[in-house]
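J.:
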Amino acid sequence: MYSEIQEWFSAEARDLPWRRDCSAWGILVSEIMLQQTPVVRVQPVWEEWLERWPAPADFAAAPAAEVLRAWGRLGYPRRALRLHAAAGEIVERHGGAVPDNYEELLSLPGVGTYTAAAVAAFAFGRRTTVVDTNIRRVHARLVIGQALPAPALTAAEMALAADLLPEDTAESVQWNAGVMELGALICTARSPKCGECPVLEQCAWIAAGQPEPTYIPKGQPWAGTDRQVRGAVMAVLRAASSPVHADLLWNAAEAQGHPEVAKELGKLHELNTHAPQLERALAGLVADGLAQLSDAGYQLPA
DNA sequence: GAGGCGTGGTG
DNA sequence: TCACCAAGCCT
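The UniProt record's numbering applies: residue 1 is where the first sequence begins, and numbers increase by one.
#1: Could you check whether the region 46–62 touches the region 126–135, counting it as contact only if at least three pairs of C-beta atoms, one from each stretch, sit closer than 8 Å?
#2: Can you give me the Cβ contacts of residue 319 inside the same chain, cut-off strictly under 7 Å, excluding the 5 residues immediately before and after it?
#3: Span of the alpha helix (DSSP H) holding residue 44?
#4: Please classify residue 1: does DSSP put it in a helix, a strand, or coil?
#5: So the candidates are 105, 157, 135, 73; which of them puts its Cα closest to the Cα of residue 181?
#6: Specify, as a first and last residue, the run of the alpha helix (DSSP H) that residue 133 falls within.
#7: For the 8 Å Cβ check, are there 3 or more pairs between the region 11–25 and the region 34–50?
#8: Within 10 Å of its beta-carbon, does residue 60 have 16 or more other beta-carbons around it, so buried, or fewer, so exposed?
#9: So which of 24, 113, 96, 10 has the shortest CA-CA distance to residue 154?
#10: Report back the beta-carbon spacing between residue 110 and residue 82 to the nearest angstrom; my notes put them in contact at under 8 Å.
#11: Assign residue 212 to one of three DSSP states: helix, strand, or coil.
#12: On the CB-based measure, 16 or more other CB atoms within 10 Å of its CB, does residue 115 come out buried or exposed?
#13: Should the region 19–29 be called in touch with the region 186–195, which here means at least 3 C-beta pairs below 8 Å?
#14: Taking its Cβ as the centre, do 16 or more other Cβ atoms sit within 10 Å of residue 222, making it buried, or is it exposed?
#15: Given residue 119, which residues of its chain have a CB within under 8 Å of its CB, disregarding the five upstream and five downstream residues?
#16: Whole angstroms are fine: how far does the CA of residue 68 sit from the CA of residue 210?
#17: What residue does the alpha helix (DSSP H) around residue 201 start on, and which one ends it?
#18: Rounded to a whole number of angstroms, what is the C-alpha to C-alpha distance between residue 272 and residue 85?
#19: Give the straight-line distance between the Cα atoms of residue 66 and residue 199, rounded to the nearest whole angstrom.
#20: Buried or exposed: where does residue 5 fall if 16 or more other Cβ atoms within 10 Å of its Cβ makes it buried?
#21: Can you look up residue 306 in the DSSP assignment and give me helix, strand or coil?
#22: Is it buried or exposed, residue 3, if we count other Cβ atoms within 10 angstroms and call 16 or more buried?
#23: Please state whether DSSP places residue 16 in a helix, a strand or coil.
#24: In angstroms with no decimal places, state the Cα-to-Cα distance between residue 9 and residue 234.
#25: For residue 77, count neighbouring Cβ atoms within 10 angstroms of its own Cβ and tell me buried if that reaches 16, exposed if not.
#26: According to the neighbour-count rule (16 or more other Cβ atoms, all chains shown, within 10 Å of its Cβ), is residue 93 buried or exposed?
#27: Please report the straight-line C-alpha distance between residue 137 and residue 205, rounded to a whole angstrom.
#28: Mind checking which residues open and close the alpha helix (DSSP H) that includes residue 102?
#29: Helix, strand or coil for residue 194? Go by DSSP, reduced to three states.
#30: My output table needs one value for residue 328: the three-state DSSP class, helix, strand or coil.
#31: I'd like the span of the alpha helix (DSSP H) that includes residue 30, first residue to last.
#32: For the alpha helix (DSSP H) that contains residue 142, what are its first and last residues?
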């Protein structure tokens with residue numbers, strides 16, 4: 001399978017900036033931004049960041065509020081704060097250089113098994129077992145014959161990925177990148193382009209007659225949740241340059257057409273003269289959002 | 001180990 | 001239209 005995927009990858013791989021001549025720091029930033037966020041939205045922000053903060057020390061010195069603003073609308077802003085903390089550790093414990101091995105990468109905040117393996121492989125050419133959602137899906141179809149991988153990563157999947165990894169270090173790096181790209185462009189979650197697949201002939205899922213998924217992926221609720229409130233709060237704060245009053249949050253939520261959010265923030269507005277109740281309500285509604293506000297130097301009314 | 005965490009494009 | 005989905009991590 002290696003040669004077919006490699007040939008396809010050489011011809012079809014996307015020309016992404018972090019795949020060109022790029023520092024380990026640039027690779028790390030890209031991997032964090034790409035956690036659950038599509039490439040098309042990451043690319044312009046990544047360009048901005050690398051120009052503004054070309055090395056970990058530059059980024060570590062920036063105020064948290066600026067980090068969150070620069071993060072823009074990539075989503076999951078806690079990733080930005082964790083990367084900020086990681087840059088601090090890189091400066092303090094690694095002399096300002098991104099560590100070049102899996103174990104030390106894994107110890108950084110916001111860096112899990114996937115990101116540690118990916119940075120070790122793509123920034124430092126290490127032979128590591130990279131397993132992301134694309135690779136899991138390709139393995140599930142190509143090797144196992146199932147439409148989708150299990151809901152959560154299993155030990156068996158890790159063992160399979162380790163078994164498939166080429167022994168040669170340089171080939172292992174190309175294999176990781178190629179399988180991931182195949183999952184992103186051809187072997188997609190919905191409507192895979194099997195007609196363009198370089199390993200169609202060897203695919204266990206095709207051989208089995210493309211059976212349907214054996215479970216139903218469960219969606220994440222959004223309307224009326226704390227996350228929706230946090231999203232509205234963060235949208236206001238990104239645009240603000242000074243401490244934000246709760247009234248402003250409510251007005252903004254209403255103006256943005258978020259009736260559920262405005263209703264919840266309206267409760268806070270009514271409670272504004274009763275500080276203890278306000279604190280309790282805020283703690284229940286926007287606990288993480290408040291932590292981010294505090295980290296970013298913002299204040300809520302007393 | 002299941003659930004929480006932002007955001008916007010798309011079939 | 002509205003679920004689903006996008007290079008996960010942490011608790």
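Ideal Cβ positions, reconstructed from N, Cα and C, are used throughout, including at glycine.
Predicted, not measured: the structure shown is a model, and the values here were computed from it.
T.: Here's the rundown:
#1: no
#2: What the structure shows of the chain is the stretch from 1 to 302, and residue 319 is not part of that stretch, so it cannot be assessed.
#3: Locating residue 44 in the first sequence gives position 44, where the first residue counts as 1. First-last of the alpha helix (DSSP H) with residue 44: 39–52.
#4: As a working note, residue 1 is residue 1 in the first sequence. The answer is coil: DSSP assigns residue 1 none of H, G, I, E or B.
#5: By 1-based counting over the first sequence, the position of residue 181 is 181. If we check each option's Cα against that of residue 181, 135 comes out closest.
#6: Looking up residue 133 in the first sequence gives position 133. Its alpha helix (DSSP H) spans residues 133–139.
#7: yes
#8: Residue 60 sits at position 60 when you count from the first residue of the first sequence. Result: buried.
#9: Locating residue 154 in the first sequence gives position 154, where the first residue counts as 1. Restricting attention to 24, 113, 96, 10, the CA atom closest to the CA of residue 154 is found in 113.
#10: Position 110 of the first sequence, counted from the start, is the residue given in the question as residue 110. Position 82 of the first sequence, counted from the start, is the residue given in the question as residue 82. About 3 Å separates the two Cβ atoms, so the contact holds.
#11: Position 212 of the first sequence, counted from the first residue, corresponds to residue 212. Three-state result, residue 212: coil.
#12: Counting from 1 along the first sequence, the entry for residue 115 is found at position 115. It is buried - the Cβ of residue 115 has at least 16 other Cβ atoms within 10 Å.
#13: Counting C-beta pairs closer than 8 Å gives fewer than three between the region 19–29 and the region 186–195, which falls short of the contact rule.
#14: Looking up residue 222 in the first sequence gives position 222. Exposed, by the Cβ-count rule.
#15: The count along the first sequence starts at 1 and reaches residue 119 at position 119. So the list reads 24, 27, 28, 31, 98, 105, 111, once near-sequence residues are dropped.
#16: Taking the first sequence and counting its residues from 1, one reaches residue 210 at position 210. Taking the first sequence and counting its residues from 1, one reaches residue 68 at position 68. Taking the straight line from one Cα to the other gives about 44 Å.
#17: Residue 201 sits at position 201 when you count from the first residue of the first sequence. That residue, residue 201, is in no alpha helix (DSSP H); it is neither H nor E in DSSP.
#18: To locate residue 272, count along the first sequence from 1; it is residue 272. To locate residue 85, count along the first sequence from 1; it is residue 85. A caution first: residue 272 carries a pLDDT of 33, below 50, which makes its placement in the model unreliable, though a value can still be read off. Near 33 Å, if we compare the C-alpha coordinates of residue 85 and residue 272.
#19: Taking the first sequence and counting its residues from 1, the one referred to as residue 66 is at position 66. Taking the first sequence and counting its residues from 1, the one referred to as residue 199 is at position 199. Near 46 Å, if we compare the C-alpha coordinates of residue 199 and residue 66.
#20: Position 5 of the first sequence, counted from the first residue, corresponds to residue 5. So residue 5 counts as buried.
#21: Within the shown structure, residues of the chain are numbered from 1 to 302, placing residue 306 beyond reach of any answer.
#22: In the first sequence, the residue the question calls residue 3 occupies position 3. The residue in question, residue 3, is exposed, as its Cβ has fewer than 16 Cβ neighbours within 10 Å.
#23: Translated into the one-based positions of the first sequence, residue 16 becomes position 16. Three-state DSSP puts residue 16 in coil, outside helix and strand.
#24: Numbered from its first residue, the first sequence carries residue 9 at position 9. Numbered from its first residue, the first sequence carries residue 234 at position 234. Each residue's Cα considered, the two are about 39 Å apart.
#25: As a first step, residue 77 must be located in the first sequence, where it is residue number 77. Counting Cβ neighbours within 10 Å, residue 77 comes out buried, since at least 16 surround it.
#26: Here residue 93 refers to the residue found at position 93 when the first sequence is read from its first residue. So residue 93 counts as exposed.
#27: The sequence position of residue 137 within the first sequence is 137, counting from 1. The sequence position of residue 205 within the first sequence is 205, counting from 1. Distance between the alpha carbons of residue 137 and residue 205 is about 11 Å.
#28: Reading the first sequence from its first residue, position 102 is the one you call residue 102. Segment 102–106, the alpha helix (DSSP H) holding residue 102.
#29: For the purposes of this step, residue 194 is taken as the residue at position 194 of the first sequence. Of the three classes helix, strand and coil, the one that applies to residue 194 here is helix, per DSSP.
#30: No answer is possible for residue 328: it lies beyond the span of the chain, which begins at 1 and ends at 302.
#31: The residue you call residue 30 lines up with position 30 of the first sequence. Looking at the DSSP string, the run of the alpha helix (DSSP H) that includes residue 30 is 24–33.
#32: Within the first sequence, residue 142 is the residue found at index 142, counting from 1. Residue 142 -> no alpha helix (DSSP H), and no H or E assigned at all.
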